[in-house]
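Below is one structure, written out as structure tokens; comments come after it.
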Amino acid sequence: MPPSRRAVLGAIGLAATGGVAGCLDSSTPGRIDDAGLPASAAATTSFRGGLHRRGVYPDATVPAEPRVEWTLRGVNTGDHTAAKASPVATPEGDLVVPGDAGDVRRVNPDGDVVWTAAVEETARGIHGTPVVANGTVYVGAYDGALYAFDLGTGERFWRRVLGDAIGSSPGYHDGTVYIAVEYYDPSGAMFGVDAVTGEVVWADHRPTDHPHSTCALDRETERLVVGSNDGTLYAWTYPDLTFAWSFSTGDAIKGPIATYDGSAFFGSWDEHVYRVALDDGAREWAAETGDMVMSGPAVEAATGTVYVGSHDSRLHALDAVTGNTRWTFDTDGSIIGCPTVAGDHVLVGSYDRTCYALEKLTGEARWTVDGVGYVTSAPTVVDGAVYFTDRASEAHLDGGDGPTGGLYKVGPAAGG
202 MPPSRRAVLG
212 AIGLAATGGV
222 AGCLDSSTPG
232 RIDDAGLPAS
242 AAATTSFRGG
252 LHRRGVYPDA
262 TVPAEPRVEW
272 TLRGVNTGDH
282 TAAKASPVAT
292 PEGDLVVPGD
302 AGDVRRVNPD
312 GDVVWTAAVE
322 ETARGIHGTP
332 VVANGTVYVG
342 AYDGALYAFD
352 LGTGERFWRR
362 VLGDAIGSSP
372 GYHDGTVYIA
382 VEYYDPSGAM
392 FGVDAVTGEV
402 VWADHRPTDH
412 PHSTCALDRE
422 TERLVVGSND
432 GTLYAWTYPD
442 LTFAWSFSTG
452 DAIKGPIATY
462 DGSAFFGSWD
472 EHVYRVALDD
482 GAREWAAETG
492 DMVMSGPAVE
502 AATGTVYVGS
512 HDSRLHALDA
522 VTGNTRWTFD
532 TDGSIIGCPT
542 VAGDHVLVGS
552 YDRTCYALEK
562 LTGEARWTVD
572 GVGYVTSAPT
582 VVDGAVYFTD
592 RASEAHLDGG
602 DGPTGGLYKV
612 GPAAGG
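First residue of the sequence shown: 202, per the working numbering; consecutive thereafter.
Here it is, written out as structure tokens:
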């Protein structure tokens, strides 16, 4: 008789006590997660590459001369302007991609849909990016529920209603799924949910005003942190999950939190990017941008650089120690999605309906690929190809027959 999912996850949870849940590249043998520690035997892929949410893939390569190999339409169809969900890789090299139409799809590199699963409320569908752990896809939806789907078949294992809406992305560690949840009040909470049963094992209702931010878990400093629309960064000790401290900004913290070198990095709608100490919540620096910051930062340890977008249409490259600007790149639209560092490049989407590949040391544009709608997902690199999703076209949103938002695969040009 094959082992049960409980037995498998339990065994992996014990192994993960000395290992890691998040990995940089699930398709790379001997993978190393973004803490620089060996990954556990069970592959886990998640939004921003791991529990630290740094969005950095040092061994990834992108096409030198790109072409769109295929586009899968119908992924995003709604008018909600929050950043769209990003595709994540499976250990086998397929993609799992949710959309605001309310579907989760597993898609292979040829663009074939392996399976489709649906959430129960499709008015705003899904904006959070899944975590894939131990053969299960975990994702939250705007019906306020956290879902667990079988990675192989798309079968739903369980659905747990936690609140009124979930716009954030889950994290997984040691048998527990962590996610921020919103209520209509407006208020919110952070939850820990048993990965096998869907039962709530921990909750804290301190975050208020629709927490949309995605949490980070930093095992070196023993902190779990998340932002909220109330303008506050919240921190708990880990693994005992005792409230530790809070840090207030002047406006909403909507984007993912990244952790590196004992600090949390994040943007605020008060037009600043912050570095805050994880041990006590002290501000270490605040870098001013020209507009709100909804984008989550990519933090590269090798170069000591923080890459983050802003509504000012610029991608900002900041010194991680000082917060000083190294370079900026101006697009023609707001940047609300997260950048991805892939080898020597930074990939980022914009409201100008374009996905950019920039040289990470200088900010010089190497290539661009156009979508039909705003490109607000974080680009994902798998086996040398770039995947991203976009919003539906304005023609579609206006009730016409324009194209819906899709999943794009960008590969090398013929002969490239």
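Glycine is no exception: its CB is placed at the ideal position from the N, C-alpha and C atoms.
- Per the C-alpha coordinates, the member of Gly372, Asn335 and Asp405 positioned closest to glycine 364 is Asp405.
- For serine 370, the closest of Tyr343, Gly606, Asp533 and Trp359 by C-alpha to C-alpha distance is Tyr343.
- Selection Pro540, Cys539, Tyr575 and Arg476 evaluated against tyrosine 552 yields Tyr575 as nearest (Cα-Cα).
- Within a 10 Å sphere around the beta-carbon of tyrosine 385 sit fewer than 16 other beta-carbons, which makes this residue exposed.
- Put simply, the region 456-463 does not touch the region 373-384. Fewer than three CB pairs are less than 8 Å apart.
- Per DSSP, histidine 411 lies in no beta strand (DSSP E) and is assigned neither H nor E.
- Judged by DSSP secondary structure, glutamate 501 falls within the beta strand (DSSP E) whose first and last residues are 499-501.
- DSSP places alanine 566 within a strand segment (E or B) once states are collapsed to three.
- Every beta strand (DSSP E) stretch that sits fully inside the region 504-536 and reaches 3 residues is listed by chain position as 506-510, 515-520 and 526-531.
- Contact between leucine 548 and valine 587 holds: CB atoms are separated by about 6 Å, below the 8 Å threshold.
- With 16 or more other CB atoms across the displayed protein chains lying within 10 angstroms of its CB, threonine 581 is buried.
- In this structure glutamate 321 is exposed. Its beta-carbon is surrounded by fewer than 16 other beta-carbon atoms within 10 angstroms.
- Exclusion of the five residues before and after isoleucine 458 leaves Arg254, Ser414, Thr415, Cys416, Ala417, Val426, Val427, Gly428, Leu434, Ala465, Phe466, Phe467 and Gly497 as the residues of its chain whose Cβ lies within less than 8 Å of its Cβ.
- Separation of the CB atoms of glycine 606 and arginine 592 is rounded to 5 Å, and the pair is thereby assigned contact status at 8 Å.
- The C-alpha of threonine 569 lies about 14 Å from the C-alpha of glutamate 270.
- Rounded to the nearest angstrom, the gap between the Cα atoms of glycine 432 and threonine 450 is 5 Å.
- Of all alpha-carbon atoms in Phe358, Gly275, Tyr475 and His281, the one lying nearest the alpha-carbon of alanine 521 is that of Tyr475.
- Within the DSSP bridge table, the entry for isoleucine 380 names Phe392 as partners.
- Taking the C-beta atoms as reference points, proline 540 is found nearer than 8 Å to leucine 516.
- The alpha-carbon of threonine 506 is positioned some 11 Å away from that of valine 257.
- 8 Å or more divides the Cβ of lysine 285 from the Cβ of threonine 555.
- Straight-line spacing of the CA atoms in alanine 615 and proline 267 works out to 9 Å.
- Assignment of leucine 598 by DSSP, reduced to helix, strand and coil, places it in the helix class.
- Contact annotation: proline 331 and valine 289 have beta-carbon atoms nearer than 8 Å.
- When only Cα atoms are considered, histidine 546 and threonine 577 end up about 18 Å apart.
- Rounded to the nearest whole angstrom, the CA to CA distance from glycine 399 to glutamate 293 is 25 Å.
- If you ignore the 5 residues before and after glycine 393, its C-beta comes within less than 8 Å of the C-beta of Thr377, Val378, Tyr379, Val401, Val402, Trp403, Ala404 and Leu442, all in its own chain and listed in chain order.
- Assignment of alpha helix (DSSP H) within the region 246-272, counting only whole runs of 4 or more residues, yields no such run.
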